[in-house]
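If you're matching positions, the sequence shown starts at 1 in full-length UniProt numbering and goes up one per residue. All C-beta atoms in this analysis are idealised placements derived from N, C-alpha and C, irrespective of residue type, glycine included.
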Amino acid sequence: MIINAAGLWQKETSLPTIATFSRSLDNVLGNNGIQLGSITEVLGLSGTGKTQLCSQITRRLGGRSSIVLMNQMSTRIGLSTGAVVGALGDGWAHRCNIRLLLSAPRNVDAERVAALLKSNSSPETVGRFRICQDGIRDIL
Numbered sequence: 001m002i003i004n005a006a007g008l009w010q011k012e013t014s015l016p017t018i019a020t021f022s023r024s025l026d027n028v029l030g031n032n033g034i035q036l037g038s039i040t041e042v043l044g045l046s047g048t049g050k051t052q053l054c055s056q057i058t059r060r061l062g063g064r065s066s067i068v069l070m071n072q073m074s075t076r077i078g079l080s081t082g083a084v085v086g087a088l089g090d091g092w093a094h095r096c097n098i099r100l101l102l103s104a105p106r107n108v109d110a111e112r113v114a115a116l117l118k119s120n121s122s123p124e125t126v127g128r129f130r131i132c133q134d135g136i137r138d139i140l
């Protein structure tokens, strides 16, 4: 079956989603949450919320399928700048549909920042959320 670009875009933007409990984070993802039926990469340094996000999503799936990959950050050896990159490398970035970078600003205990680095259906954007006892939530 041959499908044109408009048909492919319509198919990708109509995939069901699962909410993250943070409207800000859902808006960053561009589809009201994590898309089911696509590959989403969540990368970030330790303590940025990768495990919390994936744990919450897993509990909400209820038998539906989605692939969410957590990618720890690493320092790329051989670069004079000592760049911090996803441990799986640049090659992996071409395989996922959505690439989300999480970070934790200094001196801010529970606040996190999410930056959409890649998406087939949404522009790059940034949002803020927090991690609390109940999980990931919007900043009040």
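Residue j beta carbon less than 7 angstroms from that of residue i
i: Gly49; j: Leu15; result: no
i: Leu101; j: Leu43; result: yes
i: Ile34; j: Ile18; result: yes
i: Val28; j: Leu116; result: yes
DSSP state of residue i mapped onto helix, strand, coil
i: Arg95; result: coil
i: Gln133; result: coil
i: Arg111; result: Rather than Arg, the amino acid found at residue 111 in this sequence is Glu. It is a strand residue.
i: Ile57; result: helix
i: Gly7; result: helix
i: Glu41; result: strand
i: Ser119; result: strand
i: Leu29; result: helix
i: Ser24; result: helix
Same chain only: Cβ atoms within 7 angstroms of residue i, ignoring 5 sequence neighbours per side
i: Ser22; result: Phe129, Ile136, Arg137, Asp138
i: Pro105; result: Glu111, Val113
i: Ile131; result: Gly49, Gln52, Ala110, Arg112
i: Gly127; result: Ser24, Leu25, Asn27, Val28, Ala114
Within-7 angstroms CB hit, residue i to chain B
i: Ile3; result: The structure shown contains no chain B; it holds only a single protein chain.
From the options, residue whose alpha carbon lies closest to that of residue i
i: Cys96; options: Gly62, Ser121, Gln52; result: Ser121
i: Ser119; options: Leu45, Gly7, Arg99, Leu61; result: Arg99
i: Glu124; options: Asn31, Gly47, Ala87, Leu8; result: Asn31
i: Leu45; options: Gln72, Val126, Trp92, Arg60; result: Gln72
Contacts around residue i, its chain only, beta-carbon distance under 6 angstroms, and the 5 residues preceding and following it disregarded
i: Glu12; result: Asn120, Ser121
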